Amino acid sequence: MELPAKIVNLDGTLNEELILDKEPIYKGMNGRMVERFYLRANESYIFKPLTNDGQLGKEVWIHEHVLTHFPAIFPKILSYSISDAPERNWMILEDLGPLVHDFREDTALGVVKWVAWWHSLPLENVGDMPRAGLKPQFQELIMEIRRRKDEFLQLGPGIESDRIEYIYSLLDRVIFSEKRVLSHGDLHAGNFAVVKGRIMILDWEHTHINLPYWDLYHLLDMSHPLYSKKMTAPLREVILSAYLDQVEFEVDREAFFKEYYLLAAVFSIWMILLIQKDLQGNGGKWSAVQLHAQLEETVSSLRQCAEALWNGNVKS
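When you line the sequence shown up against our numbering, it's residues 1 to 316, in that order.
Encoded structure:
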């Protein structure tokens, strides 16, 4: 069935007169709500307004220029509006149905198979992609955690100081691979799901060119206030090994693991500082309980990656 012509009002809100019902899914960074709406009891769609004003038009561009070459692992855009006025930017997507965001080994292995696939795409085939996403670039993360090193050490996150010092010392010595890949950009647990037994990847508006470790960190070690997960050193190694077995470019496996652990450690230090700031600001969008749980997960990931780097150093 075709969508009604005036399903969205001129102000970028759903036309309540034409829909049967609606329900909230999540609130974007700018406060606008992504919703499931019904035209009939058994006919539903997803209404997604612009949820981050800095991403105007980007998700539609990705769908039209990149995802058209992908297998059906993402929801299709059925209608959209792009405008200079942020509130008039919106998309209507197919409703995939109930989404299961539980982080499990089989789910992560299913996701990493697709990550290896799109990381293997030749960059000349994906158009003029941006070189940065929503978060600061890796070198910017390094500069910030260096500047705030004393502040981080004063937090006393429960990780041996010699491990932390070793991480900082590696930043002066490790030269990262120059390999760049197509990156989803925000592949945390809320942006992939199992739908009727199939892996689906959501929210592509942050897609850009980056290090291969960027997507892998978001999949494995990026914590989120809404989607808890328990990462262990053995599980991380299993999933990274599965990725390396499936990518179609040459990789020095030993260097790859070391570079991943170092990026993950840097990112986790930056995340811990960010979460502490949110806690001091009374949580904002997230409750203190959610932020403390996120902090605990991030500290655990940092501890595991720091130990992996340290043990590698001891063995050498």
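All C-beta atoms, glycine included, are put in the ideal place defined by N, C-alpha and C.
A quick note: this is a predicted structure, and the numbers were derived from the prediction, not measured.
Item, Value
"Buried versus exposed call for GLU59 [16 or more other C-beta atoms within 10 Å across all chains shown]", "buried"
"Inter-stretch contact at 8 Å, needing at least 3 Cβ pairs: the stretch 23-36 / the stretch 100-110", "no"
"Selected residue, minimal CA-CA separation from ALA189, among ILE201, LEU182, GLY197, GLU178", "ILE201"
"Assumed close pair TYR217, LEU262 - CB separation to whole angstroms, cut-off 8 Å", "So it is not a contact: roughly 11 Å between Cβ atoms."
"Residue closest to VAL115, alpha-carbon to alpha-carbon, out of GLU35, VAL289, TRP214", "TRP214"
"Nearest candidate by alpha-carbon position, reference PHE152, set TYR168, LEU14, GLN246", "TYR168"
"Inter-stretch contact at 8 Å, needing at least 3 Cβ pairs: the stretch 83-95 / the stretch 5-23", "yes"
"8 Å CB neighbourhood of MET129 in its chain, flanking five on each side removed", "VAL66, LEU123, LEU182, THR207, HIS208, ILE209"
"Beta carbon of TYR45 nearer than 8 Å to that of GLU2", "no"
"Whole-angstrom distance between GLN304 and MET143, CA atom to CA atom", "22 Å"
"Nonlocal neighbours in the same chain, by C-beta distance under 8 Å from ARG148, ignoring five residues either side", "LEU273"
"Nearest-angstrom Cα separation, counted from TYR243 out to LEU121", "14 Å"
"Stretch pair the stretch 242-256 + the stretch 154-173: three plus CB contacts closer than 8 Å", "no"
"Neighbourhood of LEU279 by C-beta distance below 8 Å, restricted to the same chain and skipping five residues each side", "ALA288, LEU291, HIS292, LEU295"
"Contact set for LYS76: own chain, Cβ-Cβ below 7 Å, skip 5 residues either direction", "LEU93, GLU94"
"From VAL194, GLU16, GLY156, MET222, residue whose alpha carbon lies closest to that of ASP186", "MET222"
"Counterpart residues of TRP90 in DSSP-defined beta bridges", "PRO49, SER81"
"Distance between GLY133 and LEU318 (C-alpha atoms, nearest Å)", "Outside the shown range of the chain, which is 1 to 316, sits residue 318, and nothing can be said about it."
"GLY31 at chain C interface by Cβ criterion, 8 Å", "The structure shown contains no chain C, having only a single protein chain."
"Distance, ALA233 Cα to LYS113 Cα", "19 Å"
"Between the CA atoms of PRO225 and GLY197 - distance to the nearest angstrom", "25 Å"
"Span of the alpha helix (DSSP H) around VAL115", "105-119"
"First through last residue of the alpha helix (DSSP H) which encompasses LEU318", "In the structure as shown, the chain starts at 1 and stops at 316, and residue 318 therefore has no counterpart that could be examined."
"C-beta atoms of ILE73 and GLY57 nearer than 8 Å", "no"
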